[in-house]
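First comes the structure, then the notes that go with it.
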Amino acid sequence: LGKSPHAPAEVNYADWQVRGTEALAIGTVGAQANGRIEARFRLLDVVKKVELIGQAVSANDGQLRAVGHRIADLIYEKLTGNKGVFGTRIAYVNRQGRQFSLIVADSDGYNEQVVLSQHEPIMSPAWSPDGSHLAYVSFETGHAAVFVQSLYTNQRKVLADFRGSNSAPAWSPDGKQLAVVLTRDGSSKIYLMRPDGSDLHRVSNGSGIDTEPNFSPDGQALLFTSDRGGSAQIYWMPVEGGAAQRLTFGGGTSYSPRYSPDGKSFVFTHLSGGKFYISTQDFQTGQMEMLSEGGWEKKPTFAPNGKLILFASEARGRGILATVSSDGRVKQHMFTQSGDAREPVWGPAQ
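Using the numbering used here, read the sequence shown as starting at 3 and increasing by one per residue.
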(Lines of atoms letter the chains of each structure in order from A and count residues from 1; the text may use other names and numbers.)
(Lines give C-alpha, C1' and ligand atoms only; values in the text may rest on other atoms or scores of the structure.)
Protein backbone atom coordinates (compact mmCIF):
# COMPACT_ATOMS: atom_id res chain seq x y z
CA LEU A 1 0.00 0.00 0.00
CA GLY A 2 3.04 2.23 -0.03
CA LYS A 3 3.56 5.04 2.46
CA SER A 4 1.09 5.17 5.35
CA PRO A 5 -1.39 8.03 4.87
CA HIS A 6 -1.68 10.77 7.49
CA ALA A 7 -4.45 12.86 5.87
CA PRO A 8 -7.64 11.94 3.96
CA ALA A 9 -6.18 13.34 0.73
CA GLU A 10 -3.37 10.78 0.94
CA VAL A 11 -5.71 7.78 1.18
CA ASN A 12 -6.06 5.59 -1.91
CA TYR A 13 -9.47 4.16 -1.12
CA ALA A 14 -9.37 1.66 -3.99
CA ASP A 15 -6.25 -0.01 -2.58
CA TRP A 16 -7.85 -0.36 0.84
CA GLN A 17 -11.16 -1.57 -0.59
CA VAL A 18 -9.51 -4.39 -2.54
CA ARG A 19 -8.08 -5.67 0.75
CA GLY A 20 -11.53 -5.79 2.32
CA THR A 21 -10.92 -2.86 4.67
CA GLU A 22 -14.11 -1.19 5.90
CA ALA A 23 -12.69 1.48 8.21
CA LEU A 24 -9.28 3.16 8.41
CA ALA A 25 -7.75 5.26 11.18
CA ILE A 26 -5.03 7.75 10.25
CA GLY A 27 -3.30 10.50 12.18
CA THR A 28 -0.24 12.31 13.44
CA VAL A 29 1.49 12.87 16.78
CA GLY A 30 3.44 16.02 17.57
CA ALA A 31 4.71 18.28 20.35
CA GLN A 32 2.92 21.49 21.32
CA ALA A 33 4.61 24.74 22.31
CA ASN A 34 3.68 24.17 25.97
CA GLY A 35 5.48 20.82 26.00
CA ARG A 36 2.34 18.70 25.80
CA ILE A 37 1.86 16.11 23.09
CA GLU A 38 -1.02 16.18 20.66
CA ALA A 39 -2.40 13.33 18.60
CA ARG A 40 -4.75 14.12 15.73
CA PHE A 41 -6.71 11.27 14.23
CA ARG A 42 -9.43 10.67 11.67
CA LEU A 43 -11.59 7.59 11.25
CA LEU A 44 -12.58 7.01 7.63
CA ASP A 45 -15.32 4.88 6.09
CA VAL A 46 -13.41 3.16 3.29
CA VAL A 47 -16.55 1.98 1.48
CA LYS A 48 -18.34 5.35 1.47
CA LYS A 49 -15.08 7.36 1.32
CA VAL A 50 -16.19 9.71 4.09
CA GLU A 51 -14.82 10.79 7.46
CA LEU A 52 -16.66 9.28 10.44
CA ILE A 53 -14.90 11.19 13.19
CA GLY A 54 -11.90 13.47 13.57
CA GLN A 55 -10.45 14.79 16.79
CA ALA A 56 -7.31 16.03 18.53
CA VAL A 57 -6.30 14.54 21.90
CA SER A 58 -3.57 16.13 24.00
CA ALA A 59 -1.76 15.08 27.17
CA ASN A 60 1.41 15.65 29.12
CA ASP A 61 4.63 14.11 27.88
CA GLY A 62 4.87 10.50 29.01
CA GLN A 63 1.14 9.86 28.68
CA LEU A 64 1.13 8.44 25.16
CA ARG A 65 -0.59 5.27 26.40
CA ALA A 66 -3.44 7.34 27.82
CA VAL A 67 -3.75 9.22 24.52
CA GLY A 68 -3.83 5.96 22.59
CA HIS A 69 -6.49 4.53 24.87
CA ARG A 70 -8.63 7.66 24.53
CA ILE A 71 -8.45 7.47 20.74
CA ALA A 72 -9.21 3.74 20.80
CA ASP A 73 -12.29 4.41 22.97
CA LEU A 74 -13.56 7.06 20.55
CA ILE A 75 -13.05 4.78 17.54
CA TYR A 76 -14.65 1.79 19.27
CA GLU A 77 -17.72 3.81 20.23
CA LYS A 78 -18.10 5.21 16.72
CA LEU A 79 -17.88 1.77 15.12
CA THR A 80 -19.97 -0.21 17.61
CA GLY A 81 -22.21 2.30 19.38
CA ASN A 82 -20.86 1.06 22.73
CA LYS A 83 -18.55 2.88 25.10
CA GLY A 84 -14.95 1.69 24.93
CA VAL A 85 -13.02 0.42 27.95
CA PHE A 86 -9.44 0.90 26.74
CA GLY A 87 -9.01 3.83 29.11
CA THR A 88 -10.25 1.97 32.19
CA ARG A 89 -8.17 0.26 34.86
CA ILE A 90 -8.14 -3.12 36.54
CA ALA A 91 -6.96 -4.26 39.95
CA TYR A 92 -5.70 -7.67 40.97
CA VAL A 93 -3.49 -9.48 43.46
CA ASN A 94 -0.10 -10.83 42.41
CA ARG A 95 1.82 -13.38 44.45
CA GLN A 96 5.54 -14.06 44.08
CA GLY A 97 6.77 -16.53 46.65
CA ARG A 98 5.75 -15.15 50.04
CA GLN A 99 5.11 -11.64 48.72
CA PHE A 100 1.57 -10.46 47.97
CA SER A 101 1.00 -7.27 45.98
CA LEU A 102 -2.17 -5.35 45.19
CA ILE A 103 -1.75 -4.08 41.63
CA VAL A 104 -3.59 -1.45 39.59
CA ALA A 105 -2.97 -1.54 35.83
CA ASP A 106 -4.36 -0.34 32.53
CA SER A 107 -7.15 -2.43 31.04
CA ASP A 108 -4.65 -4.40 28.94
CA GLY A 109 -2.53 -5.35 31.96
CA TYR A 110 0.31 -2.92 31.26
CA ASN A 111 1.41 0.14 33.27
CA GLU A 112 1.21 -1.68 36.61
CA GLN A 113 1.33 0.29 39.84
CA VAL A 114 1.80 -1.39 43.22
CA VAL A 115 -0.80 -0.17 45.70
CA LEU A 116 0.27 -2.42 48.57
CA SER A 117 2.94 -5.09 49.00
CA GLN A 118 3.37 -7.35 52.04
CA HIS A 119 4.04 -10.91 53.21
CA GLU A 120 0.48 -11.41 54.44
CA PRO A 121 -2.26 -12.47 51.98
CA ILE A 122 -4.40 -9.86 50.19
CA MET A 123 -7.81 -10.75 48.77
CA SER A 124 -11.03 -9.41 47.27
CA PRO A 125 -10.13 -5.95 45.90
CA ALA A 126 -13.18 -3.79 45.14
CA TRP A 127 -13.28 -0.44 43.33
CA SER A 128 -15.22 2.53 44.63
CA PRO A 129 -17.69 3.79 41.98
CA ASP A 130 -15.58 6.88 41.24
CA GLY A 131 -12.35 4.88 40.94
CA SER A 132 -10.63 6.80 43.75
CA HIS A 133 -10.44 4.03 46.38
CA LEU A 134 -9.96 0.30 46.69
CA ALA A 135 -11.43 -1.81 49.45
CA TYR A 136 -9.72 -5.15 50.07
CA VAL A 137 -9.06 -7.87 52.60
CA SER A 138 -5.67 -8.10 54.30
CA PHE A 139 -4.42 -10.63 56.84
CA GLU A 140 -1.79 -8.29 58.31
CA THR A 141 -3.62 -8.11 61.65
CA GLY A 142 -3.41 -11.89 62.04
CA HIS A 143 -6.85 -12.54 60.60
CA ALA A 144 -8.99 -11.29 57.71
CA ALA A 145 -9.78 -7.56 58.02
CA VAL A 146 -11.25 -5.12 55.49
CA PHE A 147 -9.26 -2.01 54.55
CA VAL A 148 -10.03 0.98 52.32
CA GLN A 149 -7.18 2.78 50.57
CA SER A 150 -7.07 5.99 48.53
CA LEU A 151 -5.36 5.62 45.16
CA TYR A 152 -4.53 9.33 45.16
CA THR A 153 -2.95 9.74 48.60
CA ASN A 154 -2.24 6.07 49.48
CA GLN A 155 -3.84 6.71 52.86
CA ARG A 156 -5.52 3.58 54.17
CA LYS A 157 -7.80 2.80 57.06
CA VAL A 158 -9.36 -0.25 58.67
CA LEU A 159 -13.03 -0.52 57.76
CA ALA A 160 -13.94 -3.82 59.43
CA ASP A 161 -11.80 -5.65 61.99
CA PHE A 162 -14.32 -7.37 64.19
CA ARG A 163 -13.94 -10.63 66.06
CA GLY A 164 -13.78 -13.52 63.59
CA SER A 165 -13.49 -13.02 59.85
CA ASN A 166 -14.11 -9.80 57.90
CA SER A 167 -14.26 -10.32 54.14
CA ALA A 168 -15.73 -9.78 50.66
CA PRO A 169 -16.20 -5.97 50.52
CA ALA A 170 -18.46 -4.55 47.79
CA TRP A 171 -19.35 -0.90 47.09
CA SER A 172 -22.85 0.34 46.39
CA PRO A 173 -23.23 2.14 43.03
CA ASP A 174 -23.57 5.54 44.74
CA GLY A 175 -20.52 4.93 46.95
CA LYS A 176 -22.51 5.60 50.13
CA GLN A 177 -22.45 2.01 51.44
CA LEU A 178 -20.30 -1.08 51.45
CA ALA A 179 -21.44 -4.64 51.91
CA VAL A 180 -19.08 -6.81 53.94
CA VAL A 181 -19.20 -10.37 55.22
CA LEU A 182 -18.65 -10.82 58.96
CA THR A 183 -18.66 -13.77 61.34
CA ARG A 184 -18.93 -11.59 64.47
CA ASP A 185 -22.21 -13.28 65.40
CA GLY A 186 -20.90 -16.78 64.81
CA SER A 187 -21.98 -17.43 61.23
CA SER A 188 -20.92 -15.83 57.94
CA LYS A 189 -23.50 -13.13 57.13
CA ILE A 190 -23.76 -10.00 54.98
CA TYR A 191 -23.73 -6.57 56.61
CA LEU A 192 -24.03 -3.03 55.26
CA MET A 193 -22.01 -0.09 56.54
CA ARG A 194 -20.96 3.40 55.49
CA PRO A 195 -17.44 4.05 54.16
CA ASP A 196 -16.54 5.66 57.50
CA GLY A 197 -17.51 2.47 59.34
CA SER A 198 -20.77 3.77 60.80
CA ASP A 199 -24.33 2.43 60.53
CA LEU A 200 -23.31 -1.23 60.58
CA HIS A 201 -26.29 -3.54 60.26
CA ARG A 202 -26.93 -7.11 59.18
CA VAL A 203 -29.05 -7.78 56.10
CA SER A 204 -28.82 -11.54 55.48
CA ASN A 205 -30.39 -14.18 57.68
CA GLY A 206 -31.15 -17.87 57.70
CA SER A 207 -28.95 -20.91 57.98
CA GLY A 208 -25.70 -21.53 56.18
CA ILE A 209 -22.87 -19.33 54.94
CA ASP A 210 -23.68 -16.12 53.05
CA THR A 211 -20.79 -14.44 51.24
CA GLU A 212 -19.58 -12.60 48.10
CA PRO A 213 -22.25 -9.86 47.95
CA ASN A 214 -22.60 -7.72 44.82
CA PHE A 215 -24.88 -4.70 44.38
CA SER A 216 -27.30 -4.36 41.48
CA PRO A 217 -26.62 -1.39 39.17
CA ASP A 218 -29.54 0.52 40.72
CA GLY A 219 -28.37 -0.29 44.25
CA GLN A 220 -31.68 -1.89 45.21
CA ALA A 221 -30.67 -5.56 45.41
CA LEU A 222 -27.78 -7.88 46.20
CA LEU A 223 -26.51 -11.04 44.59
CA PHE A 224 -24.60 -13.35 46.91
CA THR A 225 -23.30 -16.88 47.35
CA SER A 226 -24.87 -19.14 49.97
CA ASP A 227 -24.85 -22.81 50.90
CA ARG A 228 -28.18 -22.56 52.73
CA GLY A 229 -29.65 -25.08 50.28
CA GLY A 230 -26.89 -27.65 50.85
CA SER A 231 -24.36 -26.52 48.22
CA ALA A 232 -22.93 -23.18 47.12
CA GLN A 233 -25.41 -21.40 44.81
CA ILE A 234 -26.28 -17.85 43.74
CA TYR A 235 -29.09 -16.00 45.52
CA TRP A 236 -30.84 -12.64 45.17
CA MET A 237 -32.35 -10.45 47.87
CA PRO A 238 -33.46 -6.83 48.42
CA VAL A 239 -30.56 -4.65 49.55
CA GLU A 240 -31.92 -4.11 53.07
CA GLY A 241 -32.69 -7.78 53.55
CA GLY A 242 -35.79 -9.91 53.26
CA ALA A 243 -36.66 -13.15 51.53
CA ALA A 244 -33.80 -14.47 49.39
CA GLN A 245 -34.46 -16.09 46.02
CA ARG A 246 -32.26 -18.88 44.67
CA LEU A 247 -31.17 -18.28 41.06
CA THR A 248 -28.88 -21.18 40.08
CA PHE A 249 -29.98 -24.81 39.91
CA GLY A 250 -28.90 -28.01 38.23
CA GLY A 251 -25.70 -29.95 38.82
CA GLY A 252 -22.56 -28.49 40.30
CA THR A 253 -22.01 -25.43 42.46
CA SER A 254 -22.05 -21.74 41.58
CA TYR A 255 -20.43 -18.76 43.27
CA SER A 256 -18.72 -15.33 42.82
CA PRO A 257 -21.71 -13.57 41.16
CA ARG A 258 -21.35 -10.16 39.50
CA TYR A 259 -24.14 -8.14 37.91
CA SER A 260 -23.83 -7.07 34.30
CA PRO A 261 -23.73 -3.26 33.96
CA ASP A 262 -27.25 -3.22 32.47
CA GLY A 263 -28.60 -5.44 35.26
CA LYS A 264 -30.12 -7.95 32.83
CA SER A 265 -27.77 -10.84 33.62
CA PHE A 266 -24.97 -11.89 35.92
CA VAL A 267 -21.65 -13.67 35.55
CA PHE A 268 -20.35 -16.27 37.99
CA THR A 269 -18.06 -19.26 38.43
CA HIS A 270 -19.71 -22.65 37.91
CA LEU A 271 -18.02 -25.83 39.14
CA SER A 272 -19.10 -28.98 37.32
CA GLY A 273 -17.29 -32.25 36.69
CA GLY A 274 -14.19 -31.03 38.49
CA LYS A 275 -13.79 -28.00 36.19
CA PHE A 276 -14.44 -24.31 36.82
CA TYR A 277 -16.35 -22.45 34.11
CA ILE A 278 -17.05 -18.75 33.61
CA SER A 279 -20.80 -18.63 33.06
CA THR A 280 -23.58 -16.10 32.63
CA GLN A 281 -27.28 -16.32 33.41
CA ASP A 282 -30.15 -14.19 32.15
CA PHE A 283 -32.42 -12.88 34.92
CA GLN A 284 -35.59 -13.04 32.85
CA THR A 285 -35.19 -16.46 31.23
CA GLY A 286 -32.94 -18.16 33.77
CA GLN A 287 -30.86 -19.53 30.89
CA MET A 288 -27.23 -20.27 31.78
CA GLU A 289 -24.40 -20.12 29.25
CA MET A 290 -20.84 -21.34 29.81
CA LEU A 291 -18.40 -18.91 28.19
CA SER A 292 -15.09 -20.63 28.94
CA GLU A 293 -13.64 -24.03 28.15
CA GLY A 294 -13.36 -25.13 31.75
CA GLY A 295 -10.34 -25.58 33.97
CA TRP A 296 -9.17 -23.26 36.72
CA GLU A 297 -11.28 -20.19 35.87
CA LYS A 298 -12.55 -18.01 38.69
CA LYS A 299 -13.52 -14.53 39.91
CA PRO A 300 -15.23 -13.09 36.80
CA THR A 301 -15.81 -9.35 36.56
CA PHE A 302 -17.57 -7.34 33.85
CA ALA A 303 -15.99 -4.46 31.95
CA PRO A 304 -17.98 -1.22 32.42
CA ASN A 305 -19.56 -1.59 28.96
CA GLY A 306 -20.63 -5.19 29.62
CA LYS A 307 -18.94 -6.49 26.47
CA LEU A 308 -15.91 -8.16 28.10
CA ILE A 309 -15.41 -10.30 31.19
CA LEU A 310 -12.10 -10.46 33.05
CA PHE A 311 -11.28 -13.53 35.15
CA ALA A 312 -8.46 -15.47 36.80
CA SER A 313 -7.12 -18.52 34.99
CA GLU A 314 -4.00 -20.70 34.78
CA ALA A 315 -1.40 -21.24 32.07
CA ARG A 316 1.83 -23.22 32.30
CA GLY A 317 1.46 -23.68 36.02
CA ARG A 318 0.92 -20.07 37.06
CA GLY A 319 -2.04 -17.83 37.68
CA ILE A 320 -2.85 -15.44 34.85
CA LEU A 321 -5.61 -13.04 33.87
CA ALA A 322 -7.79 -13.65 30.84
CA THR A 323 -10.77 -12.09 29.11
CA VAL A 324 -13.74 -13.47 27.23
CA SER A 325 -16.36 -11.53 25.30
CA SER A 326 -19.82 -11.58 26.83
CA ASP A 327 -21.03 -13.77 23.95
CA GLY A 328 -18.15 -16.22 24.50
CA ARG A 329 -16.73 -15.81 20.99
CA VAL A 330 -13.43 -14.02 21.72
CA LYS A 331 -10.98 -15.23 24.36
CA GLN A 332 -7.47 -14.00 25.13
CA HIS A 333 -4.83 -13.97 27.84
CA MET A 334 -3.79 -10.67 29.38
CA PHE A 335 -0.25 -9.46 29.99
CA THR A 336 0.95 -9.70 33.59
CA GLN A 337 4.40 -9.76 35.17
CA SER A 338 5.88 -12.93 36.65
CA GLY A 339 4.14 -14.47 39.62
CA ASP A 340 0.60 -15.68 40.16
CA ALA A 341 -2.13 -13.19 39.23
CA ARG A 342 -5.51 -13.68 40.88
CA GLU A 343 -8.57 -11.86 42.31
CA PRO A 344 -9.13 -9.49 39.33
CA VAL A 345 -11.70 -6.71 39.34
CA TRP A 346 -12.47 -4.26 36.54
CA GLY A 347 -12.57 -0.59 37.50
CA PRO A 348 -15.34 1.88 36.65
CA ALA A 349 -15.63 3.91 33.47
CA GLN A 350 -13.44 7.01 33.52
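We treat Cβ as the ideally placed atom computed from N, Cα and C, and that holds for glycine. Since this is a predicted model, take the numbers as computed values, not measurements.
Mind reading off the beta-carbon distance from residue i to residue j? Whole number of angstroms is fine, and I expect it under 8 Å.
| i | j | result |
| --- | --- | --- |
| A41 | V69 | 5 Å |
| L293 | I311 | 7 Å |
| Q247 | Y237 | 6 Å |
| E142 | Q120 | 6 Å |
| A128 | P171 | 5 Å |
| R344 | V106 | With a Cβ gap of about 15 Å, R344 and V106 do not count as contacting. |
With 16 other CB atoms within 10 Å as the buried threshold, where does residue i fall?
| i | result |
| --- | --- |
| L104 | buried |
| H71 | buried |
| E299 | buried |
| V49 | exposed |
| G308 | buried |
| F268 | buried |
| Q34 | exposed |
| Q289 | exposed |
| V139 | buried |
| V205 | buried |
| Q235 | buried |
Between the options, which has its C-alpha nearest residue i's C-alpha?
| i | options | result |
| --- | --- | --- |
| P306 | D75, N36, V31 | D75 |
| Y1 | I92, D47, F304 | As displayed, the chain neither begins before 3 nor continues past 352, which places residue 1 out of reach and without an answer. |
| P350 | T185, F285, A93 | A93 |
| T338 | D176, L194, N113, K159 | N113 |
| K277 | L118, Q19, G144, G297 | G297 |
| R100 | I124, H335, G221 | I124 |
| G341 | G319, Q334, P215, I73 | G319 |
| R158 | H8, G144, A137, A146 | A137 |
Can you name, in chain order, every residue of its own chain whose Cβ lies under 6 Å from the Cβ of residue i, other than the five neighbours on each side?
| i | result |
| --- | --- |
| A162 | V148, N168, V182 |
| F164 | L184, R186 |
| S228 | G210, D212, Y237 |
| T282 | S267, V269, E291 |
| T82 | none |
| W348 | I92, T303, A305, L312 |
Excluding the 5 residues preceding and the 5 following residue i in the sequence, name in chain order all residues of the same chain whose CB lies nearer than 7 Å to its CB.
| i | result |
| --- | --- |
| I77 | A27, L45 |
| P10 | R44, L46, E53 |
| D187 | none |
| S233 | T255 |
| S134 | S152, L153, Y154 |
| I280 | V269, T271, L293, S294, E299, P302, I311, F313, V326 |
| G253 | S274 |
| D201 | M195 |
Leaving out five residues before and five after residue i in sequence, what residues of the same chain have Cβ atoms less than 8 Å from its Cβ?
| i | result |
| --- | --- |
| A223 | F217, W238, M239, P240, V241 |
| R38 | S60, A61, N62, D63 |
Does the Cβ of residue i lie closer than 7 Å to at least one heavy atom of the ligand COA?
| i | result |
| --- | --- |
| Y237 | In the structure on display, the ligand COA does not appear, and there are no ligands present to speak of. |
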